[in-house]
Amino acid sequence: MEKVAVLGAGSWGTALSIVLADNGHEVRLWSHRENQVDIINETHRNDQYLDVTLPEQIEAYASLEAALSGVSVIVIVVPTKAIREVCKALNGILKDNVTIIHAAKGIEPVTLKRVSEMISEELEAYPEEDIVVLSGPSHAEEVALRHPTTVTVSSINSHNANIAQSLFISDTFRVYTSPDIIGVELGGALKNIIALGAGISDGLGYGDNAKAALITRGLAEIARLGTKLGANPLSFLGLSGVGDLIVTCTSVHSRNWRAGNLLGKGLNLDDVLNQMGMVVEGVRTVKAAYQFAEEQDVEMPITTGIHQILFEGKAPKDVVDQLMNRTKREEMDDLALLLMERYSQ
Ligand SMILES: NC(=O)C1=CN([C@@H]2O[C@H](COP(=O)(O)OP(=O)(O)OC[C@H]3O[C@@H](n4cnc5c(N)ncnc54)[C@H](OP(=O)(O)O)[C@@H]3O)[C@@H](O)[C@H]2O)C=CC1
Ligand SMILES: O=C(CO)COP(=O)(O)O
75 MEKVAVLGAG
85 SWGTALSIVL
95 ADNGHEVRLW
105 SHRENQVDII
115 NETHRNDQYL
125 DVTLPEQIEA
135 YASLEAALSG
145 VSVIVIVVPT
155 KAIREVCKAL
165 NGILKDNVTI
175 IHAAKGIEPV
185 TLKRVSEMIS
195 EELEAYPEED
205 IVVLSGPSHA
215 EEVALRHPTT
225 VTVSSINSHN
235 ANIAQSLFIS
245 DTFRVYTSPD
255 IIGVELGGAL
265 KNIIALGAGI
275 SDGLGYGDNA
285 KAALITRGLA
295 EIARLGTKLG
305 ANPLSFLGLS
315 GVGDLIVTCT
325 SVHSRNWRAG
335 NLLGKGLNLD
345 DVLNQMGMVV
355 EGVRTVKAAY
365 QFAEEQDVEM
375 PITTGIHQIL
385 FEGKAPKDVV
395 DQLMNRTKRE
405 EMDDLALLLM
415 ERYSQ
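The opening residue of the sequence shown carries number 75 in the working numbering; numbering runs sequentially from there.
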């Protein structure tokens with residue numbers, strides 16, 4: 075059994091702590107808010123984020139130094155925008171033989187870095203090859219109830235991915251490995267944009283046909299960009315690709331879907347984010363993906379439309395009309411060309 079520090083005591087950090095504690099590991103759940111630490115240790119609950127009682131093996135910590143003392147694994151589960159700040163604080167405290175796993179789903183605007191790239195840039199002793207990502211269709215609310223869930227872990231260093239798999243796998247939380255960290259991270263980040271779109275579509279009152287169209291054509295543009303950026307296109311057919319896309323576009327648990335739904339009903343972005351109280355990763359990721367698409371000359375009409383709604387003041391209904399009135403085309407043409415390019419090299 076391992077000593078594990080989970081950094082970030084929101085919904086997902088708490089749910090992953092439950093999985094680890096159920097597997098018999100000693101879990102130190104670190105929060106940057108001292109009052110939350112006291113509440114968790116006194117009540118064994120984290121009601122702000124999840125409606126469950128926490129196992130006794132989970133102890134909350136406010137001191138990063140104390141949380142990290144003697145651990146063999148850390149799991150970083152803060153929103154993408156907090157990753158660099160948390161990693162900077164780890165330098166000087168972290169030993170160099172610790173397995174680093176992250177479970178965040180985002181891309182950094184401007185630098186266009188994936189989370190594993192950001193972590194290795196900040197942690198002096200940890201090259202990108204050593205970082206592990208955990209991703210897949212996994213709403214915290216259901217994981218906390220021990221409902222059957224499947225995820226993928228990936229690292230360039232397969233030994234580390236195997237460590238992560240053995241650490242988390244259980245009879246309710248099934249963990250696969252993948253060697254394609256680019257595909258696994260991009261699938262998890264980019265699906266949030268399409269989930270915003272699915273929420274907007276539902277908020278506008280459109281039905282299942284529209285949502286199926288968004289999921290399918292959304293997957294096509296995720297695969298187009300991801301393949302161009304070096305991912306294995308097959309990864310987008312896996313748990314961290316279409317699996318997570320389905321769950322996030324169709325579940326009321328999804329914060330991205332919920333935020334989109336309010337936008338579709340006519341609320342503005344600031345009011346929506348104030349109401350959410352939890353991270354809506356797709357809002358920042360759409361900036362990054364839009365920039366990526368421009369730079370890589372990849373067509374991403376849904377991402378462009380979501381960018382127009384969020385940041386350019388375009389009405390959701392006008393974006394739907396724009397998408398439905400694009401020029402006629404063959405369904406698979408861009409992806410087929412990309413695959414031909416890839417496999418003729
Ligand atoms: N929720 C889910 O079902 C899933 C989430 N994820 C991913 O996990 C990541 C975290 O999401 P989730 O837990 O849901 O988000 P939440 O909004 O539920 O919680 C985020 C947590 O991070 C803390 N935090 C924010 N900024 C900092 C900081 N600078 N330093 C330290 N702690 C900080 C927050 O503290 P505070 O309370 O003070 O705001 C909060 O405890 C995201 O990338 C998300 O996409 C992945 C799979 C499933
Ligand atoms: O990634 C998730 C489920 O796999 C959670 O999605 P949301 O961030 O939209 O809630």
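The beta-carbon is built from N, C-alpha and C at its ideal position, and this holds for glycine as well.
Name the DSSP bridge partner or partners of residue i?
i	result
L208	V227
R188	I181
K77	E100
T251	V227
Since residue i contacts residue j with CB under 8 Å, what's their CB separation in whole angstroms?
i	j	result
V78	V145	6 Å
G292	G271	7 Å
V111	V80	The Cβ separation is near 13 Å, so there is no contact.
S228	A235	6 Å
Y123	S85	4 Å
I267	G338	Not confirmed; about 15 Å, so no contact.
V207	I255	6 Å
T223	E216	6 Å
I175	P129	No, I175 and P129 are not in contact; Cβ-Cβ is about 19 Å, not under 8 Å.
L319	K265	4 Å
V393	I383	6 Å
A363	I181	7 Å
E139	I167	5 Å
E295	S190	22 Å between Cβ atoms; not a contact.
V147	V172	6 Å
G262	S314	5 Å
On the CB-based measure, 16 or more other CB atoms within 10 Å of its CB, does residue i come out buried or exposed?
i	result
P211	buried
R403	exposed
P390	buried
M406	exposed
V326	exposed
R188	buried
N330	buried
V184	exposed
G281	exposed
T117	exposed
M192	buried
F366	buried
S252	buried
G257	buried
R107	exposed
S137	exposed
F310	buried
N399	exposed
Y200	buried
D276	buried
S105	buried
K162	exposed
K169	exposed
Put residue i into one of helix, strand or coil per three-state DSSP.
i	result
E198	coil
A83	coil
T246	coil
M350	helix
K302	helix
N342	coil
R358	helix
V258	helix
R329	helix
D491	The structure shown has nothing for residue 491, since the chain only spans 75 to 419.
D318	helix
P307	helix
R220	coil
H233	helix
D276	helix
G312	coil
V93	helix
Please indicate yes or no: does the CB of residue i lie closer than 7 Å to some heavy atom of ligand 3?
i	result
S328	This structure simply doesn't include ligand 3; it includes ligand 1 and ligand 2 instead.
Measuring only between beta-carbons, confirm whether residue i sits less than 8 Å from chain B.
i	result
V93	Looking at the structure shown, chain B is missing, and only one protein chain is on hand.
Problem - Entirely enclosed alpha helix (DSSP H) segments - the region 106 to 194, minimum 4 residues - result: 108 to 117, 138 to 142, 157 to 164
Exercise for the section: Output the residue ranges of the alpha helix (DSSP H) runs that lie fully inside the region 374 to 415 and measure 4 residues or longer, sorted by chain position. Expected result: 375 to 385, 390 to 398
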